[in-house]
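Residue numbers (UniProt numbering): 1 to 374. See below for the structure under consideration.
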Amino acid sequence: MKIAFLKEGSAETRVAAIPETVKKFTALGIEVAIEQGAGEGASIADSDYDTAGATVGARDAVLKDADAILCIMGPEPGSLQGAKQGAILLGALDPTRRTDDVKAYAAAGLQALAMEWMPRITRAQSMDILSSQSNLAGYKAVVDAASLYGRAFPMMMTAAGTVSPAKLFVMGVGVAGLQAIATGRRLGAQVSATDVRSATKEQIQSLGAKPIFVEGVAGIEGEGQGGYAGETSPEYQAAQAELVSGHIAKQDIVITTALIPGRAAPRLISDAQIASMRPGSIIVDLAAEAGGNVEGCVAGEVVDRHGVKIVGAVQLARTLAADASALFARNLANFLLAFWDKEASALKLPDDDELVKAIRLTNGGQVVHDRIKP
Numbered sequence: 001m002k003i004a005f006l007k008e009g010s011a012e013t014r015v016a017a018i019p020e021t022v023k024k025f026t027a028l029g030i031e032v033a034i035e036q037g038a039g040e041g042a043s044i045a046d047s048d049y050d051t052a053g054a055t056v057g058a059r060d061a062v063l064k065d066a067d068a069i070l071c072i073m074g075p076e077p078g079s080l081q082g083a084k085q086g087a088i089l090l091g092a093l094d095p096t097r098r099t100d101d102v103k104a105y106a107a108a109g110l111q112a113l114a115m116e117w118m119p120r121i122t123r124a125q126s127m128d129i130l131s132s133q134s135n136l137a138g139y140k141a142v143v144d145a146a147s148l149y150g151r152a153f154p155m156m157m158t159a160a161g162t163v164s165p166a167k168l169f170v171m172g173v174g175v176a177g178l179q180a181i182a183t184g185r186r187l188g189a190q191v192s193a194t195d196v197r198s199a200t201k202e203q204i205q206s207l208g209a210k211p212i213f214v215e216g217v218a219g220i221e222g223e224g225q226g227g228y229a230g231e232t233s234p235e236y237q238a239a240q241a242e243l244v245s246g247h248i249a250k251q252d253i254v255i256t257t258a259l260i261p262g263r264a265a266p267r268l269i270s271d272a273q274i275a276s277m278r279p280g281s282i283i284v285d286l287a288a289e290a291g292g293n294v295e296g297c298v299a300g301e302v303v304d305r306h307g308v309k310i311v312g313a314v315q316l317a318r319t320l321a322a323d324a325s326a327l328f329a330r331n332l333a334n335f336l337l338a339f340w341d342k343e344a345s346a347l348k349l350p351d352d353d354e355l356v357k358a359i360r361l362t363n364g365g366q367v368v369h370d371r372i373k374p
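This is the structure in C-alpha cells:
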C-alpha cells in the first residue's frame, strides 16, 4: 500500500504527516510519499521525512499509484490529476460548503472520507480532529486576546499600587471553551463561563472558574447530540440574554465558542451588549466562520465597535502549525491503523462500520452520504 501526502494550499500552514506517523506506517510495510516542501509551514524539513522512511518528491510522483491521499484541508479537485481510481482521500473536506468538490471527487473515482464528521464516541476519541484542533484554538484565543488587551491579566502587587486581574468570560464550554478557561486561569485572569448544557457546570468549577447559569428555566440536561449543544427554548434564550447582559458589562475579555452542527452559529452577543462593555475590552469569536456569535463580527478581521475590539477568529490552530500538525497527523494515523489488517497487510474499511458510514462521502463514483446526496 502507498500513502501520499501533498503540500497544502498557500493559506494552510499545517501538514498531515509528521515523522512519528511516517515511522508507524513504514513499520507496517506501507510506502509513504510526501510532496517536496509539504512540512515547511510546520517546521518539518524534507530531510526529516526522508530520515523517517518516506520518499520525498514532486506531486506527480507522489500521487502516482497512491492508494490513499491524506490531507489537512480537502485539495482542489484539479490538483489531484493522476490519482488512481478508488484511492482514499482522507482529511477535513468541509462537505456541506464544498459540495461541488465532493461531486468532483466522486467523478474522479475517489473514496472521500470527511474526518470532521467523525462520531464523538469513545472508540473515535483518538481520531477526532475537531477536538484536537479546537483545543489549540481555545488556548490561542486567550493568548491573542492578551496580546490585544492593553492591560495585564494577573493581579500584581507593586510598590506603586495593585494591578487588578482581568475578568475573562467564556461562552460555550466545549473543548475550545474548556481550554480557554484553563489558559485564562494560568495567565491569572478572573474567569467565569456559561453554557446551555447543565453538565458543564461541574467542569467549569473543576478548572477554578465561576459558572454563570440561568436558574429556574431549563436548558439542556446532560450533553447535546454528538457532544455539541443543541437549540434551547425561547424562554431559556430570553433568560440567558438577560443574565449575560448584566454579566458581560463587567468583563474585560469575552471568548465565544458556540456552534451548532449544520446550522449557523447562534447569536450570543448583541450590539447593545457590546456597547455596555468598557472601551479597550476584547471579544474573540471562535464561531466567526459559521456566521459568528457576536453581532458585527467579521471573519478574519478585527473590528472596533464602541471601543471594543471584536476578533473574527479563523482557523487559529494554523497559527500553532507544529503542534496542530502533530495532533492532526496522529488523528489520521489512528483512523487508518484502526482498520489495518495485519494478516492481509491491507487497509479494510467495512461498509457496515459505524465510523466508516459516518464519514464516507463518496464511493464507486457516487456521492453516498445521506447528508449531501443529490
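Glycine included, each C-beta is placed from N, C-alpha and C at the ideal position. Predicted model only: the values in this text are computed from it and were never measured.
- The C-beta separation of Asp144 from Val173 comes to about 19 Å, leaving the pair out of contact by the 8 Å criterion.
- In this model, Asp271 and Ser206 are separated by some 32 Å (Cα to Cα).
- Between the alpha carbons of Glu301 and Tyr236 lies a gap of roughly 31 Å.
- By the criterion of a C-beta distance shorter than 7 Å, Thr362 is surrounded in its chain by Val102, Tyr105, Ala106, Leu110, Gln111, Ala112, Val368, once the five residues flanking it on both sides are discounted.
- Counting only residues of its own chain and dropping the five nearest sequence neighbours on each side, Asp60 has a CB closer than 7 Å to the CB of Gly82.
- In the assembly as shown, Lys140 is a buried residue. Its beta-carbon has 16 or more other beta-carbons within 10 Å.
- The way I'd put it, the segment 82-101 does touch the segment 60-71; three or more beta-carbon pairs between them come closer than 8 Å.
- If the five residues before and after Ala4 are omitted, its C-beta is found closer than 6 Å to the C-beta atoms of Ala33, Val62, Leu63, Ala66, Ile69, all from its own chain and listed in chain order.
- Separation of the CB atoms of Phe153 and Ala189 is rounded to 5 Å, and the pair is thereby assigned contact status at 8 Å.
- At the C-beta level, Thr200 and Val142 stay beyond 8 Å of one another.
- If you look at Phe169, you'll find it isn't in any alpha helix (DSSP H); it sits in the beta strand (DSSP E) that goes 167-171.
- Pairing Arg318 with Ser325, the inter-Cα distance amounts to about 9 Å.
- The beta carbons of Leu332 and Met115 sit closer together than 8 Å.
- Taken through DSSP and simplified to helix, strand or coil, Ala52 comes out as helix.
- In this structure, the beta-carbon distance from Val311 to Ile269 does not fall below 8 Å.
- The alpha-carbon separation between Ala322 and Arg14 amounts to approximately 7 Å.
- Pairing Met118 with Ala92 gives a Cβ-Cβ distance that is not under 8 Å.
- Annotated three-state conformation of Gln366 is strand, per DSSP.
- In the three-state reduction of the DSSP assignment, Ser192 falls in the strand class.
- Going by beta carbons, Asp285 and Ala241 fall outside the 8 Å limit.
- Taking Gly41 as the centre and dropping the five residues before and after it, the same chain places the C-beta of Thr13, Ala321 closer than 6 Å to its C-beta, in chain order.
- From the listed residues Leu130, Glu354, Phe339, Ala249, the smallest Cα separation to Pro261 is found for Leu130.
- Shown here, Ala145 sits in a helix according to DSSP, grouped into three states.
- In this structure Ala176 does not touch Tyr149 by the C-beta definition: roughly 19 Å separates them, more than the 8 Å allowed.
- In the three-state DSSP reduction, Ala92 falls in the strand class (E or B).
- Within its own chain, the residues whose Cβ lies closer than 7 Å to the Cβ of Ala290, once the five positions on either side in sequence are excluded, are Leu259, Ala264, Ala265, listed in chain order.
- The beta carbon of Ile255 lies closer than 6 Å to those of Ala141, Val170, Ala180, Val284 in the same chain, with the five residues before and after it left out.
- With a cutoff of 8 Å on beta-carbon distance, Met127 and Asn334 are scored as near each other.
- For Ala326, the three-state secondary structure derived from DSSP is helix.
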